[in-house]
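Its first residue numbered 1, the sequence shown is counted upward by one per residue in the UniProt record's numbering. Ideal Cβ placement from N, Cα and C applies to all residues, glycine included. Below is one structure; the comments refer to it alone.
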Amino acid sequence: MRRAIGAEPLSEVWFPYPCALAHENYEGGRCGRERSAEEGGGRREAAEDREEASSLLRCSGNATKNECYIGPIPHPRRSQLSSMEKSTIRELAKSVSSYFLNYLETDFKKQQTPGRRLQLQREGGLRVGLSLARYASLNAAFWSALSVPATELEPVVVSRRAFTTTLSDRFRDAVRKAITATPSEAYTLVRQQIVGRAESTLAESEYADGWVTDMFRASAEEICERIVHPLLSLLEPVIRRDAQSLLETTYDLEGELTNILLQPLNDDLSTALYTLASVGKTDDLWEVLTRLFTRDHSSTVLMEYFETFAAADAYTDVKQLVAASKSRENLDLYLYVGVLRFQKNAFPLFYIPLTVEMEEETTKYRISLKPQVLVYKRAIDFVLQETNVRAEATSPVSERILYATGEQAICELLTVPTTQVLSALRLPPDFRIAAEQMENADTPRYSLESSLHLAVYDKSDESLLNDYEELLTAARGDGGPILDLFEGMIRSVVLDDPISVDRKVSDGWDGLGIGDRMVQPSPIPINEEQSKIIAALKQPDCRFVLVEGPPGTGKSHTISAIAFDAILAKKSVLLLSDKNEALDVVENKLEQTLASVRPSGLDFPNPILRLGKEGNNFRTLLQGSAVQQINDFNRAARTRETAVKSELDATVHELKSDLEKTAAALAGIPLQRIVERNVVK
1 MRRAIGAEPL SEVWFPYPCA LAHENYEGGR CGRERSAEEG GGRREAAEDR
51 EEASSLLRCS GNATKNECYI GPIPHPRRSQ LSSMEKSTIR ELAKSVSSYF
101 LNYLETDFKK QQTPGRRLQL QREGGLRVGL SLARYASLNA AFWSALSVPA
151 TELEPVVVSR RAFTTTLSDR FRDAVRKAIT ATPSEAYTLV RQQIVGRAES
201 TLAESEYADG WVTDMFRASA EEICERIVHP LLSLLEPVIR RDAQSLLETT
251 YDLEGELTNI LLQPLNDDLS TALYTLASVG KTDDLWEVLT RLFTRDHSST
301 VLMEYFETFA AADAYTDVKQ LVAASKSREN LDLYLYVGVL RFQKNAFPLF
351 YIPLTVEMEE ETTKYRISLK PQVLVYKRAI DFVLQETNVR AEATSPVSER
401 ILYATGEQAI CELLTVPTTQ VLSALRLPPD FRIAAEQMEN ADTPRYSLES
451 SLHLAVYDKS DESLLNDYEE LLTAARGDGG PILDLFEGMI RSVVLDDPIS
501 VDRKVSDGWD GLGIGDRMVQ PSPIPINEEQ SKIIAALKQP DCRFVLVEGP
551 PGTGKSHTIS AIAFDAILAK KSVLLLSDKN EALDVVENKL EQTLASVRPS
601 GLDFPNPILR LGKEGNNFRT LLQGSAVQQI NDFNRAARTR ETAVKSELDA
651 TVHELKSDLE KTAAALAGIP LQRIVERNVV K
């Protein structure tokens, strides 16, 4: 199932059946996504450029109504194009795809730190990442999955107590001694540094929110430098001796330990910082740090962490990752392959989408790898930009998406881009992303390591990037249906004059009588603009309609009316939106209206398939009992279809006739004589 090219990422899809209309929920020309002026300035300008270039249609909305000027892109006749024109259109399509791909990745500005970073925990302790080196046998299972042919890929099965860590009593004793060896003066110094940093940076800050965020980052750096790093330095010899698997996760441990020490401060520290920003006094900040960041409290937290770590079960960690992926929309689970570390950031070099299923009877998790690899070009280009290692503006990585087919293993896809990255970063050329690669490739400023992580991350922007990348891949190859669609749009803009159906729709409306205007064949009330939109969609030349307007002007109501019109015409409907709320409004409107025309108390499963959110109704709707109930109701409805249609036609005719009579009677009132008589009086 594909989205319209260039649309925002879709979080949900649902199909009301029966009804053949494809519609994207656009708001303000930005596909329903609200952006502030600061966030959306650059993107809004690009959207305006696209609108001006395409001239598909011009719409305007105000606080009380939506006005829509509708124009289609006619299907081009390929036979009329010369081979030169076809080649030119293909090159133009590649240029447009590259333009938007570059825009989405960089916003045509100097790159900021890429968002996809290696993070094991979020604020609040929510696990969003897992270093597989923590579980040697599970790590080996994933490396093995990367090494088999794509046709033989099997899920990695994770069950309770199948993958665990066991650390010796000697290791526990060493941890306890290292924690107690941290002096109280180190905690005192951290408190002083945080307060001093707050006082020195407050005057320079422009916004309190940004300053508080920076202070949390600075606090984490102080804790890491003065507490966590010395602790891990003390533990390194015993880790090498008794917990070799932890050696590869030392950097990850650094981040996790910093987070668990900072976590108890979160709420109170935030309040104290905002108080400091508003009144300029550090009393509350000192009180919070003195109360919550102490040697005794932190030692307890650290000991509890290492006790849990010593008897960890991968099943529990995977369960937490699955829960995190369902905590909000558009989150997916990925396998990160290789890590590029730069400054305080760790980026995946490659990432592979995963699908996770839980067996209901055994509660085992089955983790399947998709036979594709995505190269994190943004991170590579960012490091090159910040270090000025490479003078060229182009990325050293030639392909961003790689696919394993047939007998090809996923790990074979890593060789070429790894070589390109090593060359660009001037790292040793013999480094490989492989299980047997134990040494890192590093310089004083950055390093590359061969390791595996599971991670939860937002997939929204990735969907858009993948679309344009797929277009470019098709344009360089033999093409395909998606490229044909995109080239058709480009060709129409460049070579064709769009046929506007606006006048035809307006003339048709003006030719209607009062009865036909007031009585619409819609189960929900619609106004003039909404009636015109439905009429426009029935025009053979109309391919796209854009409905604009501020919140509350009836856009979702219009979509509901369009869906009902298609349902009454016995067509199928596909509704797509990047927002749950928009689909909720339409679904509720459909459900309420359908329920109102059925006998009260009838529990009927409306054949509306909702996908893309937790708790979707796919299984419920396709159960045998639900299908049978729908068939029974459909059979019963067909037996009364003629009678219902006759009754509806008679009611509509009566309403229109009464309206025409009322209009004729009102038209016969001599308003001018009444006005003149009142003036005389």
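- Straight across, the Cα-Cα distance linking residue 413 with residue 470 is about 17 Å.
- Secondary structure of residue 347 (DSSP, three-state): strand.
- Residue environment for residue 586: buried (at least 16 other C-beta atoms within 10 angstroms of its C-beta).
- 135 is the residue among 678, 147, 135 whose C-alpha sits nearest the C-alpha of residue 161.
- Per DSSP, the continuous beta strand (DSSP E) segment holding residue 375 begins and ends at 372–375.
- Two segments are said to touch when three or more pairs of C-beta atoms, one from each, lie closer than 8 Å; by this definition the region 520–531 touches the region 589–609.
- Per DSSP, the beta-bridge partners of residue 449 are 339.
- Per DSSP, residue 427 lies in no alpha helix (DSSP H) segment and is marked neither H nor E.
- Counting only residues of its own chain and dropping the five nearest sequence neighbours on each side, residue 193 has a CB closer than 6 Å to the CB of 222.
- Counted as a single uninterrupted DSSP element, the stretch harbouring residue 554 is not any beta strand (DSSP E), since DSSP gives it neither H nor E.
- Boundaries of the alpha helix (DSSP H) harbouring residue 625: 624–639, taken from the DSSP string.
- Under the three-state reduction of DSSP, residue 438 is assigned to coil, being neither helix nor strand.
- Around the CB of residue 170, fewer than 16 other CB atoms lie within 10 Å, so the residue is classed as exposed.
- By the 16-neighbour rule on beta-carbons within 10 angstroms, residue 262 is buried.
- Residue pairing for residue 332: DSSP places it in a beta bridge opposite 457.
- When secondary structure is reduced to three states using DSSP, residue 675 falls in the helix class.
- Between residue 368 and the set 260, 332, 288, 500, the nearest pair of CA atoms involves 332.
- DSSP places residue 228 outside any alpha helix (DSSP H), giving it a letter other than H or E.
- In this structure, DSSP gives residue 547 a state outside helix and strand, which the three-state scheme calls coil.
- As the crow flies, the alpha-carbon of residue 268 is around 43 Å from that of residue 370.
- In the three-state DSSP reduction, residue 397 falls in the coil class, being neither helix nor strand.
- In this structure, residue 265 sits near residue 288, with a CB-CB distance shorter than 8 Å.
- Between residue 457 and residue 334, the C-beta spacing is below 8 Å.
- Excluding residues up to 5 positions away in sequence, 364, 366 lie with their Cβ nearer than 6 Å to the Cβ of residue 157 in the same chain.
- A Cβ-Cβ contact shorter than 8 Å links residue 400 with residue 377.
- Under DSSP, residue 149 shares a beta bridge with 409.
- Taking a cut-off of 8 Å for Cβ pairs, the region 344–364 and the region 183–201 do not touch, as fewer than three such pairs fall below it.
- For residue 196, the enclosing alpha helix (DSSP H) covers residues 184–202.
- Residue environment analysis places residue 417 among the buried positions, since at least 16 neighbouring C-beta atoms fall within 10 angstroms of its C-beta.
- When 651, 455, 96 are compared, the shortest CA-CA separation from residue 127 is found for 455.
- Closest in C-alpha terms to residue 314, from the list 449, 519, 131, comes 131.
- Residue 669 counts as exposed, since fewer than 16 other beta carbons sit within 10 angstroms of its beta carbon.
- Annotation: residue 511 to residue 575 spans about 32 Å, alpha carbon to alpha carbon.
- Looking at the backbone, the Cα of residue 478 and that of residue 421 are separated by about 28 Å.
- Taking the Cα of residue 506 as reference, the smallest distance to any Cα among 175, 481, 497, 539 is reached at 539.
- Going by DSSP, residue 315 is part of the alpha helix (DSSP H) stretching over 314–325.
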